[in-house]
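The sequence shown begins at 48 in the numbering used here and counts up one residue at a time.
Comments concern the structure below.
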Amino acid sequence: MNLTQKIIKEHLIKGTLEPGSPIEIKMDQTLTQDATGTMAYMQLEAMGIKRVKTEISVSYVDHNTLQNGYMNADDHAYLQSVAAKYGVYFSRPGNGICHQVHLERFAKPSKTLIGSDSHTPTSGAMGCLAIGAGGLDVAKAMAGIGYRLTMPKIVQVNLHGKLSHGVSSKDIILELLKRLSVKGGVSKVFEYTGEGVKGLSVYQRATITNMGAELGATTSIFPSDEITLAFLKQQNREEDYIELKADEDATYDEYIDIDLSSLRPMAACPDSPDAIKNISELKGIKIDQVAIGSCTNSGYEDLMKAATILKGKTIAPNVSLVVSPGSRQVMMKLIQNGALATFIQAGARILECACGPCIGMGQSPKSDGISLRTFNRNFYGRSGTLSAGIYLVSPEVAAASAIEGKFVDPTELDYDDTFEKEPVYIDDSMIIAPVENTDDIEIIRGPNIKPLPINDRMDQIIDKKVIVKLPNNITTDHIAPAGAEVLPYRSNIEKLSTFVFKNNKPHFAEICKENHGGIIVAGENYGQGSSREHAALAPMYLQIKAVIAKSFARIHLANLINFGILPLVFKDKEDYDFIDEMDELMIEDTSKLYETNKIKVYDKTKDKYFTALTSLSNEDVDILMAGGALNYIKDQQ
Ligand code: F3S
48 MNLTQKIIKE
58 HLIKGTLEPG
68 SPIEIKMDQT
78 LTQDATGTMA
88 YMQLEAMGIK
98 RVKTEISVSY
108 VDHNTLQNGY
118 MNADDHAYLQ
128 SVAAKYGVYF
138 SRPGNGICHQ
148 VHLERFAKPS
158 KTLIGSDSHT
168 PTSGAMGCLA
178 IGAGGLDVAK
188 AMAGIGYRLT
198 MPKIVQVNLH
208 GKLSHGVSSK
218 DIILELLKRL
228 SVKGGVSKVF
238 EYTGEGVKGL
248 SVYQRATITN
258 MGAELGATTS
268 IFPSDEITLA
278 FLKQQNREED
288 YIELKADEDA
298 TYDEYIDIDL
308 SSLRPMAACP
318 DSPDAIKNIS
328 ELKGIKIDQV
338 AIGSCTNSGY
348 EDLMKAATIL
358 KGKTIAPNVS
368 LVVSPGSRQV
378 MMKLIQNGAL
388 ATFIQAGARI
398 LECACGPCIG
408 MGQSPKSDGI
418 SLRTFNRNFY
428 GRSGTLSAGI
438 YLVSPEVAAA
448 SAIEGKFVDP
458 TELDYDDTFE
468 KEPVYIDDSM
478 IIAPVENTDD
488 IEIIRGPNIK
498 PLPINDRMDQ
508 IIDKKVIVKL
518 PNNITTDHIA
528 PAGAEVLPYR
538 SNIEKLSTFV
548 FKNNKPHFAE
558 ICKENHGGII
568 VAGENYGQGS
578 SREHAALAPM
588 YLQIKAVIAK
598 SFARIHLANL
608 INFGILPLVF
618 KDKEDYDFID
628 EMDELMIEDT
638 SKLYETNKIK
648 VYDKTKDKYF
658 TALTSLSNED
668 VDILMAGGAL
678 NYIKDQQ
């Protein structure tokens, strides 16, 4: 067996290892971050358990750390108290970015991890099977319920040779994005093997597993070997080590080969992580901003490489350089060894250990600005400046370019890229561990913490108007936007729902209210993008009962079912054409979904019938009939 199969087999509750078949696996660990966590813990509360049933669950605060009003602070107080109540570790704001801290302090080889953040696969660098999902699936895992997914295909990525001076592990994942595109990893796990693996530290591996999310992969994983052991020893966690690798005669569904010595420094150009060019093609282009940080490249080695290049130099007058270390552990080490002083002497501005500019919390570039970032995403508008050009690069390219004020190829620079392996600074005082007796703990609910909306059971006949008709490729960002204006309301669905489709269908929420809910009609690939469940939860709150689309994105389809919204696909895609907004549609007899995957829909306004299809299991239908997974779980208790 390969490594992925071994871990899945150990955790299998239902199903077989046949790619494409439905499986259910036990989750050992969970993580949440604050932007998705408030909802996940409200859902956990609604499940009526007393204490989490996982081995380790951690609640991180790293996204909405700006406190311009009471809202984010209310969320943090709720998260801290609810974590204490349910036996969850709480990583305080300032302790670092969830994926970085989890890798350093909690991830273990051979364990399963589910997190309400799409970059949860970062912990795959430790030989952990780590998957990103919606918050409700994470809440279910905390309640001891298995995670349902489709058995992925396993891709063997064979690394051989050695990275050249100035080339980094970021360039390995950019090479894969160049070859496969942002859709190339869907329903696949990327398992790294070969001699080249031995030359990569755990931090370097983590950059690759982190950005496997940009391939659309279910997850990515490295073996647990002597490099892992060395990392765990440095973290005082030697006891968490076990050796873990694929069998000699393991088989895989697909095979990719990368000669590390052939790679050159690369950049993902605006506006997609798969728009790859070599730095040599960009050399000399003037830049305005450099940001070093995020969960992709803010580990100790990343920042030390940048500091080595910046030592004794000053950044160009046209450049703003910001540095956000990934964890307090890393920040403290940089203080102890003087690297933080190097950054400040060079002209860098030091940000807190948090997501910061990566989630649009400050540092938007100037209009038409060129920004080099060591991050993982550069979708249009994510930086907060629509006209800016965002390039994703390695820390080496970022630091070298900041000095010159233009793209620089670090392979042409003479610097020492070996640095002393020093003892790690370890201090978990910003991680509040769970206590045994939680009876007296009060959960703090400030005014921003609104009750969780609960859905009605599904009607046998759905008779509603089409509130909006949408084109192809609608993202979760279109449905439930992000940004500093909206993020503080992640725990206030009533308020959040007023932002739904704000750029596609102004007043969507009011129209839903006037019509007592409705139906959404959409084109291909509805709900692509992030895993955020608010894109299903807010429409549920507005009483959207069904979405009829030409096709759905996988995670959003699961979220719709979880929140009791019926996902239907046009049998004949041309039927999309005759439906107009405010047409009254009648979906006949939803209880038939147990027997058939076809259902008749009557457009009363046009006096026309059409057929819609589903791909629902009987358990999915049970969940939908109950009005969503929360009601379904309560029914079963
Ligand atoms: Fe945070 Fe950006 Fe990673 S928002 S979790 S640093 S992708």
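C-beta atoms are modelled at their ideal positions from N, C-alpha and C, and glycine is treated no differently.
None of the values given here were measured: they were computed from a predicted structure.
Local conformation of R226 per DSSP, three classes
Walking along the sequence shown from the start, residue 226 turns up at place 179. Three-state DSSP puts R226 in a helix.
Taking only runs of the beta strand (DSSP E) that begin and end inside the segment 262 to 311, which ones reach a length of at least 3 residues, in chain order?
266 to 268, 301 to 306
Apart from the five residues just before and just after R252, which ones in its own chain have a Cβ nearer than 6 Å to its Cβ?
What you label residue 252 is simply residue 205 of the sequence shown in a count that begins at 1. Taken in chain order, the residues that qualify are A172, F269.
Alpha-carbon to alpha-carbon, I612 and N606
On the sequence shown, position 559 is the one that residue 606 refers to. On the sequence shown, position 565 is the one that residue 612 refers to. If I take the Cα positions, the gap works out to 9 Å.
Between the segment 236 to 246 and the segment 335 to 353, do at least 3 Cβ pairs fall closer than 8 Å?
no
Say yes only if the C-beta of H166 is nearer than 6 Å to one or more non-hydrogen atoms of the ligand F3S, and no if none qualify.
Mapped onto the sequence shown, residue 166 falls at position 119. For the ligand F3S, at least one heavy atom lies less than 6 Å from the Cβ of H166.
For the ligand F3S, I want to know if I219 counts as a neighbour, meaning its beta carbon is within less than 6 Å of at least one of the ligand's heavy atoms.
By one-based count along the sequence shown, residue 219 stands at place 172. Remark: the C-beta of I219 is outside contact range of the ligand F3S, defined as less than 6 Å to any heavy atom.
Are the Cβ atoms of K592 and K511 separated by less than 7 Å?
The sequence position of residue 592 within the sequence shown is 545, counting from 1. The sequence position of residue 511 within the sequence shown is 464, counting from 1. A Cβ-Cβ contact shorter than 7 Å links K592 with K511.
Let's see if you can read the secondary structure: which residues bound the alpha helix (DSSP H) around H149?
In the sequence shown, counting from the first residue as 1, residue 149 sits at position 102. Unbroken alpha helix (DSSP H) run through H149: 145 to 152.
Residue range of the alpha helix (DSSP H) that P586 falls in?
The sequence position of residue 586 within the sequence shown is 539, counting from 1. Element bounds for P586: 581 to 588.
Excluding sequence positions up to five away, which residues of its chain have a Cβ less than 6 Å from the Cβ of N325?
For the purposes of this step, residue 325 is taken as residue 278 along the sequence shown, with counting starting at 1. Hits under 6 Å: R311, M313.
Hey, how far is the Cα of F426 from the Cα of G385?
On the sequence shown, residue 426 is found 379 positions in, with the first residue counted as 1. On the sequence shown, residue 385 is found 338 positions in, with the first residue counted as 1. Those two C-alpha atoms are separated by around 35 Å.
Where do the N-terminal and C-terminal ends of the beta strand (DSSP E) with F137 fall, by residue?
Taking the first residue of the sequence shown as 1, we reach residue 137 at position 90. 136 to 138 is the span of the beta strand (DSSP E), which, as asked, contains F137.
Which residues in the same chain as S271 place their Cβ atom closer than 8 Å to its Cβ, once the five residues preceding and following it in sequence are excluded?
Locating residue 271 in the sequence shown gives position 224, where the first residue counts as 1. Same-chain partners within the cutoff: P156, S157, M173, G174, Y288, I289, E290, L291, K292.
Which whole-angstrom value is the C-beta distance of A124 and I491, which I expect to be below 8 Å?
Locating residue 124 in the sequence shown gives position 77, counting from the first residue. Locating residue 491 in the sequence shown gives position 444, counting from the first residue. Confirmed, Cβ separation roughly 4 Å.
Which ranges would you report for the beta strand (DSSP E) in the segment 483 to 560 if only whole runs of at least 3 residues count?
509 to 516
For the candidate residues I509, R579, Q410, Q392, whose alpha-carbon lies nearest to that of E399?
Sequence index remark: in the sequence shown, residue 399 carries index 352 (1-based). That would be Q410, whose Cα lies nearest to the Cα of E399.
Would you check if there are 3 or more beta carbon pairs closer than 8 Å linking the segment 182 to 200 to the segment 217 to 226?
no
If you reduce the DSSP assignment to three classes, tell me which class I478 lands in.
Taking the first residue of the sequence shown as 1, we reach residue 478 at position 431. The answer is strand: DSSP assigns I478 an E or B state.
6 Å Cβ shell around A264 - same chain, five flanking residues per side excluded:
Walking along the sequence shown from the start, residue 264 turns up at place 217. If we look at A264 and ignore the five residues flanking it on each side, its Cβ neighbours are G232, K235, F237.
If you measure between the beta carbons of T84 and E580, is that distance less than 7 Å?
Sequence index remark: in the sequence shown, residue 84 carries index 37 (1-based). Sequence index remark: in the sequence shown, residue 580 carries index 533 (1-based). The question names Thr, yet the displayed sequence has Gly at residue 84. It is not a contact, given that the beta carbons lie outside the stated cut-off.
What are the uninterrupted segments assigned as beta strand (DSSP E) that are 3 or more residues long and contained completely in the segment 171 to 254, given in chain order?
176 to 179, 194 to 197, 200 to 207, 235 to 240
Exposed or buried, which one is M74 when buried takes at least 16 other CB atoms within 10 Å?
As a first step, residue 74 is located in the sequence shown; it is residue number 27 there, counting from the start. Buried, by the Cβ-count rule.
Looking at C-beta atoms only, is the number of pairs between the segment 468 to 485 and the segment 52 to 69 that lie closer than 8 Å three or more?
no
Buried versus exposed call for F617 [16 or more other C-beta atoms within 10 Å across all chains shown]
Sequence index remark: in the sequence shown, residue 617 carries index 570 (1-based). Label assigned to F617: buried.
Quick one: is P457 near chain C, going by C-beta distance under 7 Å?
This model lacks chain C altogether, as it is built from one protein chain only.
Under 6 Å from any heavy atom of the ligand F3S, does the C-beta of I103 make it?
Locating residue 103 in the sequence shown gives position 56, where the first residue counts as 1. No, the beta carbon of I103 sits no closer than 6 Å to any heavy atom of the ligand F3S.
Closest by C-alpha distance to G243, when choosing among L221, L517, V515, S308
In the sequence shown, counting from the first residue as 1, residue 243 sits at position 196. Of the listed residues, the one whose Cα sits closest to G243 is S308.
Considering only DSSP beta bridges, list what E57 is partnered with.
Against the sequence shown, residue 57 aligns to sequence position 10. Beta-bridge pairing links E57 to no other residue.
Could you tell me how far apart the beta carbons of Y649 and M633 are, in whole angstroms, since I believe they sit closer than 8 Å?
Position 602 of the sequence shown holds residue 649. Position 586 of the sequence shown holds residue 633. About 4 Å separates the two Cβ atoms, so the contact holds.
Is it the case that the CB of S418 approaches a heavy atom of the ligand F3S more closely than 6 Å?
By one-based count along the sequence shown, residue 418 stands at place 371. Outside the cutoff, so no.
Looking only at its chain, what residues have a beta carbon closer than 6 Å to the beta carbon of A177, apart from the 5 residues adjacent to it on each side?
Here the question's residue 177 lines up with position 130 in the sequence shown. So the list reads L160, T167, P168, S170, G171, T266, once near-sequence residues are dropped.
Can you determine whether any heavy atom of the ligand F3S sits closer than 6 Å to the C-beta of C402, and answer yes or no?
The count along the sequence shown starts at 1 and reaches residue 402 at position 355. At a cut-off of 6 Å, the beta-carbon of C402 counts as near the ligand F3S: some heavy atom of the ligand is closer than that.
Which value, in whole angstroms, describes the spacing of the CA atoms of I219 and P140?
In the sequence shown, the residue the question calls residue 219 occupies position 172. In the sequence shown, the residue the question calls residue 140 occupies position 93. Answer to the nearest angstrom: the Cα atoms are 31 Å apart.
Identify the continuous beta strand (DSSP E) that holds N325 and give its terminal residues.
Residue 325 sits at position 278 when you count from the first residue of the sequence shown. Residues 323 to 325.
Kindly give me the distance between the Cβ atoms of F610 and L584, rounded to whole angstroms, as I take these residues to be in contact under 8 Å.
The residue given as residue 610 occupies position 563 in the sequence shown. The residue given as residue 584 occupies position 537 in the sequence shown. About 6 Å separates the two Cβ atoms, so the contact holds.
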